[in-house]
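The block underneath contains the structure these notes are about, expressed in structure tokens.
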Amino acid sequence: MKNIFFIILSLSFSVTAFAQTDDDYVNEDKTTTPKQKRSIDSDATIIYGISNPDYTNHFLTPTSLTLKKGEIRLASSDIIFAKASYGLTNSTTISANSALFGMFIPSIKQSLAVNNEMTIAASLSGGQLLAINEDSVIAFGGGSIMGTLGNIQNNFTVGAAFYYAKGTFSFANNKDELPFFHFFIGGHRQIGQRVFISFDVMYFPTYQVYTGSAGIKITIGENMSLGFGVMPIAWNDVSTNNGIEFQPILIPLLSFKILLNKGG
200 MKNIFFIILS
210 LSFSVTAFAQ
220 TDDDYVNEDK
230 TTTPKQKRSI
240 DSDATIIYGI
250 SNPDYTNHFL
260 TPTSLTLKKG
270 EIRLASSDII
280 FAKASYGLTN
290 STTISANSAL
300 FGMFIPSIKQ
310 SLAVNNEMTI
320 AASLSGGQLL
330 AINEDSVIAF
340 GGGSIMGTLG
350 NIQNNFTVGA
360 AFYYAKGTFS
370 FANNKDELPF
380 FHFFIGGHRQ
390 IGQRVFISFD
400 VMYFPTYQVY
410 TGSAGIKITI
420 GENMSLGFGV
430 MPIAWNDVST
440 NNGIEFQPIL
450 IPLLSFKILL
460 NKGG
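Numbering of the sequence shown is given in my numbering, commencing with residue 200 and proceeding in unit increments.
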């Protein structure tokens, strides 16, 4: 049952990105000030032509970047996951995440630009991860810290997070709770004017669970991004007579993001 829980949890990351990721489109013009750009290379759109509308997260894990004040971001992943985000300020974003199986997780993320090439951030989230019925609910909460190097086209992120899930029923090895700490890395790389490759890796040391993603993101128009990828998830199964056994699963990923009310 614990393995099934990790699959559901990892799938939810594809849109929530630990309930904190905030995508935004940034086709910056030449009048935008360095302060507004926050860790965005001022020559990025000139060098690369089409700027990345989905650079604030990878498929599963977040970068340190946030929406600008007044921007609204809508996202969907694998049809059943949805998210709405709003920029309170240029460095503070609030979000609400939902899914067909009863998930509702509000979140907040705060970023700080160290310089034009480095941004750090912290986030908090908490809510309902799963609701089968009134008597079968899993609550979820926690936070993460991360740092991102690079510009809007090519970047690399390192982070760590701790979350805690508490249920009204046993969902993990006959227990009704599950704390989990994990490390994550991720990156973007532009390979065409409108095409980016994206990857991320997560490791949960307590449970010997490994997951991540790899795929491509295609920019559509000026404020939309369509992503296609796969998410492998594997764990060391010590329950077999042969000792530790590596059991992999491969899950397809599909994401769509659109930014409304883009700030200057």
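Just so it is clear, CB atoms sit at the ideal spot from N, CA and C, and this is done for glycine as well.
Span of the beta strand (DSSP E) around residue i
i      : result
Thr255 : Per DSSP, Thr255 belongs to no beta strand (DSSP E) and is neither H nor E.
Gly414 : Val408 to Ile419
Ser276 : Ile271 to Ser276
Phe403 : Val394 to Phe403
For residue i: DSSP bridge partner residues
i      : result
Gln467 : The chain is shown from 200 up to 463; residue 467 falls before or after that span and cannot be answered.
Ile337 : Leu329 and Gly366
Ile390 : Beta-bridge pairing links Ile390 to no other residue.
Gly286 : Thr292
Lys267 : According to DSSP, Lys267 bridges with nothing at all.
Met430 : Ile450
Leu425 : Ile417 and Phe455
Ser343 : Ser322 and Ala360
Ile249 : For Ile249, which the question treats as bridged, DSSP gives no partner whatsoever.
Ile279 : In DSSP, Ile279 forms no bridge with anything.
Phe303 : Ser297 and Gln327
Asn314 : Met317
For residue j and residue i, the rounded distance between their alpha carbons
i      : j      : result
Leu452 : Leu329 : 20 Å
Ser335 : Ser369 : 9 Å
Ser424 : Phe455 : 6 Å
Phe379 : Ala359 : 11 Å
Leu266 : Asp253 : 11 Å
Thr291 : Phe280 : 23 Å
Ala274 : Gly428 : 16 Å
Ile249 : Leu458 : 16 Å
Arg485 : Pro305 : In the structure as shown, the chain starts at 200 and stops at 463, and residue 485 therefore has no counterpart that could be examined.
Ser276 : Ser397 : 15 Å
Asn256 : Asn373 : 34 Å
Ser294 : Asp375 : 27 Å
Ile239 : Leu377 : Per-residue confidence for Ile239 stands at a pLDDT of 45, beneath the threshold of 50, marking its modelled position as unreliable; the derived number appears in the next sentence. If you take the alpha carbons of Ile239 and Leu377, they lie about 38 Å apart.
Gln407 : Phe361 : 15 Å
Lys229 : His381 : Here the model assigns Lys229 a pLDDT of 39, short of 50, so the residue's position is not dependable, and the following value carries that caveat. Approximately 40 Å, taken between the alpha carbons.
Pro404 : Phe383 : 11 Å
Asn460 : Ala371 : 42 Å
Ile307 : Gly325 : 10 Å
Gln392 : Ser263 : 24 Å
Gly385 : Val400 : 6 Å
Gly426 : Ile415 : 6 Å
Glu471 : Leu323 : The shown model of the chain, from 200 to 463, leaves out residue 471, and the question about it has no answer.
Val225 : Asn251 : Bear in mind that the predicted position of Val225 carries a pLDDT of just 39, short of 50, making it unreliable; the figure below should be weighed with that in mind. Their Cα atoms are separated by approximately 7 Å.
Ile448 : Phe258 : 17 Å
Lys282 : Gly366 : 23 Å
Met430 : Ile450 : 5 Å
Ile419 : Val394 : 10 Å
Asn354 : Tyr402 : 20 Å
Met302 : Ala312 : 32 Å
Interface flag, residue i vs chain B, CB-CB below 9 Å
i      : result
Leu259 : In the structure shown, chain B cannot be found, because there is only a single protein chain.
*Touching or not, the segment 276-292 and the segment 400-415, by the rule of three or more beta carbon pairs under 8 Å?*
The answer is no - the segment 400-415 does not touch the segment 276-292, with fewer than three Cβ pairs under 8 Å.
*What are the start and end residues of each continuous beta strand (DSSP E) run of 3 or more residues lying completely inside the segment 348-385, in chain order?*
354-366
*Decide if the segment 311-324 is in contact with the segment 348-367; the criterion is three or more beta carbon pairs, one per stretch, under 8 Å apart.*
yes
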